[in-house]
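Visitor: Note that the sequence shown covers residues 1092 to 1673 in this note's numbering.
Dropping the structure in here first, questions after.
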Amino acid sequence: MTYQAPVEDIAFTLKHAAGMADALAQGLYGDLGEDVIEAVLSEAGRFASDVIAPLNKVGDKHGTPFKDGVVTMPPGWKEAYTAWAASGWNGLAASEKFGGQALPHALNAACTEMWNAASMSFGIGPVLTMGAVEALAAHGSAELKRIFLPKLVSGEWAGSMQLTEPQAGSDVGALRSKAERQSDGSYKITGQKIFITYGEHDLTDNIVHLVLARLPDAPAGTRGISLFLVPKFLVNADGSLGPRNDVRCHSIEHKLGIHGSPTCTMVFGDQGGATGHLIGEENRGLACMFTMMNLARLSVGLQGVAIAERATQAALAYARERKQGGHAIIDYPDVKRMLLTMRAQTRAARAICYATAVAIDRAHRLQGEDVKSAHERASLLTPVAKAFSTDTGVEIASLGIQVHGGMGYVEETGAAQHLRDARIAPIYEGTNGIQAIDLVVRKLPQSGGESVNAYLAELRVIVGNVQAANDPAFGATGERLTKAVDALDRATQWMLANVESNTDAVLAGATPYLRLFGLTAGGCMLADEALAAQRIGDGADPAGRVSLARFFAEHLVVAAAGLERDATEGAESVNTAPGLRD
Ligand SMILES: Cc1cc2nc3c(=O)[nH]c(=O)nc-3n(C[C@H](O)[C@H](O)[C@H](O)COP(=O)(O)OP(=O)(O)OC[C@H]3O[C@@H](n4cnc5c(N)ncnc54)[C@H](O)[C@@H]3O)c2cc1C
């Protein structure tokens, strides 16, 4: 079973759960119309399903062989990538000044989901290039932008993001790669990076590495990190390629999944130092890299949605065909429960990710006071989008195997590949544990809690609308969501009150808190989407959407009560547990 992009569902969630319809009506996107959005989505869906999806298994089986410093991508990948870039997909949301189409980030997010559902290993490459574009556009000098951005925007050159070193994973501040100032204004970079996605490959003529390194007189920790642009091939002032830079791929990893995505150890400075160009100011590199990482975090969240969607499609198709006890297994309540969990949780995660992307658009496109609240909304939702959706990817891919029974565990059906591929997403771009800490320590306290409280108030409006609809088809949705929002509200106020004074307790509860946030927000957004479908009527599948929102509220959101207790009362049995260090 291959992938069919669910273009209509994607468009519906984008417009009616994530807020794009309102944004269009308010003129956030100028004169952009729904017709253009729908046309872009269907063309992306066609490309993803027809061109990329058939390469997914090829990438898994073939991997990316490494020999003499060269990484060879799987058969057919270069052709597909070249066609993809030539169609303009890489520059969808990039500035027109550098050859992009300046379309909404939210639309790009929906396309990112489709590329990654078709093949996660294929999709992650452009995620890094687009991140490099964002960081360079926001912080690069005019000269760097002029030389590098047009080719990065078009996808003619690819990007990579290089933070991790053997001793510096979650603790980026421990990195040791060095940068030395040169008399011509450039820098010489030496050091080693590990686990670098698409650090080397043969899809493009040049690769533009964004590398974190430390100057000799830099302060210790995260305040002494600078960001450098280090191209694989040096580039002449006219944009043509010069000699090879002193950076090379030393080896690639053998890993559980995403076999089509090369994960490289990179060595800088074998011959005296790689030439690098500073992005932004010295010692301010982490802030610049965060521009890239925030977008990449949302994109990794979308990978979770993507793999969950693909696993759901495969499980549904299998359950309709497979017969046991004289019935297709889809007729059995336990299988139905699995399939509904898959569909509902996938759609909830999708809604959260798309809403994050719309908030990013608002932050980029609005003016004045509104920018701050939009920016804070995007910051608040980003860790939830990343962690809740990537956990969803793993859970749903695992359920997908369960629906297939033994055929899921053997490689033939492809269900196993989904789980193997999905498993990296909760780890890279900041582990989900780090996302949860970011949420409770940095994001909740934004503007003294005003930002999260405003969000909670919006969730309450949705719940109020469900109650007001007074429609028996919603079952206990209104009541379950009310309890969940109450639980999230109490847990939020507890986190805000304790974050300074009782930090260890807050840290111990961060992961269940993030889950509570994701389930509650996702439940409200599915309900909102169902209400929109009821307003629109025929063609919007109101009965299906109401019943899915009801399933999510009655079967998944009910975990809220336990999660609240775990988040706010569970610290002692974590922090004082004996026997772990012995
Ligand atoms: C396939 C793959 C691709 C990758 N691609 C890239 C890339 O392109 N560029 C790049 O720079 N890196 C990349 N990485 C690295 C990735 O981002 C790191 O693996 C990740 O950030 C975790 O770091 P670590 O592996 O050192 O784990 P560690 O930091 O050692 O973490 C181990 C565990 O401890 C927890 N932990 C660590 N610190 C804390 C803390 N302070 N509080 C609570 N819990 C903590 C973590 O949550 C985790 O569960 C990639 C990794 C892989 C496997």
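Using N, Cα and C, we set each Cβ at its ideal position, and we do this for glycine too.
(1) Rounded to a whole number of angstroms, what is the C-alpha to C-alpha distance between Asn1032 and Leu1490?
(2) Is any heavy atom of ligand 1 found at a distance shorter than 7 Å from the C-beta of Met1383?
(3) In this structure, how does DSSP classify Gly1121 when only helix, strand and coil are distinguished?
(4) In this structure, how does DSSP classify Pro1474 when only helix, strand and coil are distinguished?
(5) Can you find the residues in the same chain that come closer than 8 Å, C-beta to C-beta, to Thr1611, ignoring five residues on each side of it along the sequence?
(6) Report whether the distance from the Cβ of Met1252 to the nearest heavy atom of ligand 1 is below 7 Å.
(7) Pick out the complete alpha helix (DSSP H) segments inside the segment 1570-1645, 4 residues or longer, and give them in chain order.
(8) Quick check on this structure: which residue in Phe1479, Asp1329, Val1462 has the alpha carbon closest to the alpha carbon of Gly1614?
(9) Between Ile1298 and ligand 1, is there a pair consisting of the residue's CB and a ligand heavy atom that are separated by less than 7 Å?
(10) Between the segment 1250-1258 and the segment 1287-1296, can you find at least three pairs of beta-carbon atoms closer than 8 Å?
(11) Kindly provide the ranges of any alpha helix (DSSP H) runs that are 4 or more residues long and lie completely inside the segment 1453-1535, ordered along the chain.
(12) Give the list of continuous beta strand (DSSP E) stretches no shorter than 3 residues that lie fully inside the segment 1235-1317.
(13) With which residues is Lys1414 paired in a DSSP beta bridge?
(14) Check the DSSP bridge columns for His1368 and list the partner residues they point to.
(15) Specify the secondary structure class of Thr1447 as computed by DSSP and reduced to three states.
(16) For Ala1442 and Glu1541, I'd like the C-alpha separation in whole angstroms.
(17) Can at least three beta-carbon pairs, one atom from the segment 1380-1393 and one from the segment 1218-1227, be found at a separation below 8 Å?
(18) Quick check: what's the CA-CA separation for Tyr1094 versus Gly1246?
(19) How about the segment 1356-1370 and the segment 1273-1280: do they share at least three Cβ pairs that are nearer than 8 Å?
(20) For Gly1566, which residues from the same chain have a beta carbon less than 7 Å from its beta carbon, with the 5 sequence-adjacent residues on both sides left out?
(21) Quick check on DSSP: helix, strand or coil for Pro1217?
(22) What whole-angstrom Cβ distance do Arg1511 and Gly1392 have, given they're in contact under 8 Å?
(23) State the Cα-Cα distance for the pair Gly1150 and Gly1351, rounded to the nearest angstrom.
(24) Please confirm whether Gly1264 and Gly1312 have their CB atoms less than 8 Å apart.
(25) Excluding the 5 residues flanking Ala1527 on each side, which residues of the same chain have their C-beta closer than 8 Å to its C-beta?
(26) One question on the structure: do Thr1203 and Ser1342 come within less than 8 Å of each other, judged by their Cβ atoms?
(27) Tell me which same chain residues have a C-beta within less than 7 Å of the C-beta of Leu1105, skipping the five on either side of it?
(28) Under a Cβ-count criterion, where at least 16 other Cβ atoms within 10 Å of its own Cβ denotes burial, should Thr1437 be classed as buried or exposed?
(29) What's the gap between the Cα of Ala1171 and the Cα of Gly1222?
(30) Does the segment 1499-1513 come within contact of the segment 1631-1640, defined as at least 3 CB pairs closer than 8 Å?
(31) Which value, in whole angstroms, describes the spacing of the CA atoms of Ala1621 and Gln1258?
(32) Would you say the beta carbon of Phe1675 comes nearer than 7 Å to a heavy atom of ligand 1?
(33) With a threshold of 7 Å, establish whether the CB of Lys1346 neighbours any heavy atom of ligand 1.
(34) Near Gly1569, which residues of its chain fall below 7 Å by C-beta distance, leaving aside the five closest residues on each side in sequence?
(35) Please classify Ala1177: is it buried, with 16 or more other beta-carbons within 10 angstroms of its beta-carbon, or exposed?
(36) Tell me whether the beta-carbon of Glu1400 lies closer than 8 Å to the beta-carbon of Ala1631.
Guide: The relevant details are as follows:
(1) Beyond the ends of the chain as shown, which are 1092 and 1673, falls residue 1032; an answer cannot be given.
(2) Not so, every heavy atom of ligand 1 lies at least 7 Å from the Cβ.
(3) Per DSSP, reduced to three states, the secondary structure at Gly1121 is coil, with no helix or strand assignment.
(4) In the structure shown, Pro1474 sits in a helix (DSSP, three-state: H, G or I).
(5) The residues Leu1550, Leu1572, Ala1575, Val1576, Ala1578, Leu1579, Val1648, Ala1651, in chain order, have a CB closer than 8 Å to that of Thr1611 in the same chain once the five nearest residues on each side in sequence are set aside.
(6) The answer is yes for Met1252.
(7) 1594-1627, 1633-1642, all fully within the segment 1570-1645.
(8) Measuring from the Cα of Gly1614, the nearest candidate turns out to be Phe1479.
(9) For Ile1298, the Cβ stays outside the 7 Å cut-off from all heavy atoms of ligand 1.
(10) Verdict: yes, contact present.
(11) Counting only runs of 4+ residues, the alpha helix (DSSP H) found wholly inside the segment 1453-1535 occupies 1460-1495, 1497-1500, 1506-1513, 1523-1528, in chain order.
(12) Correct list: 1249-1253, 1269-1272, 1278-1288, 1298-1304.
(13) Beta-bridge analysis with DSSP links Lys1414 to Ala1419.
(14) The partner list for His1368 (beta bridge, DSSP) reads Leu1320.
(15) In the structure shown, Thr1447 sits in a helix (DSSP, three-state: H, G or I).
(16) Between the C-alpha atoms of Ala1442 and Glu1541 there is a straight-line separation of about 23 Å.
(17) Contact holds between the segment 1380-1393 and the segment 1218-1227, because three or more Cβ pairs, one in each stretch, are under 8 Å apart.
(18) Spanning the alpha carbons of Tyr1094 and Gly1246 requires a straight line of approximately 24 Å.
(19) With the cut-off at 8 Å, the segment 1356-1370 and the segment 1273-1280 touch.
(20) Excluding positions up to five away in sequence, the list reads Arg1641, Glu1645.
(21) In the three-state reduction of the DSSP assignment, Pro1217 falls in the helix class, which pools H, G and I.
(22) Actually they are not in contact, since the Cβ atoms of Arg1511 and Gly1392 sit about 19 Å apart, beyond 8 Å.
(23) For Gly1150 and Gly1351, the distance between alpha carbons rounds to 4 Å.
(24) Taking 8 Å as the Cβ cut-off, Gly1264 and Gly1312 qualify as a contacting pair.
(25) Cβ within range, chain order: Pro1474, Ala1478, Ala1601, Thr1602, Tyr1604, Leu1605.
(26) No.
(27) Contacts found: Met1111, Ala1197, Ala1201, Tyr1445.
(28) Flag for Thr1437 reads buried.
(29) The alpha-carbon of Ala1171 is positioned some 21 Å away from that of Gly1222.
(30) Result no; under three Cβ-Cβ pairs closer than 8 Å.
(31) Each residue's alpha carbon lies about 48 Å from the other.
(32) What the structure shows of the chain is the stretch from 1092 to 1673, and residue 1675 is not part of that stretch, so it cannot be assessed.
(33) Yes, the beta carbon of Lys1346 sits closer than 7 Å to at least one heavy atom of ligand 1.
(34) Hits under 7 Å: Val1554, Val1557, Gln1558.
(35) So Ala1177 ends up on the exposed side.
(36) Not a contact, by the Cβ cut-off of 8 Å.
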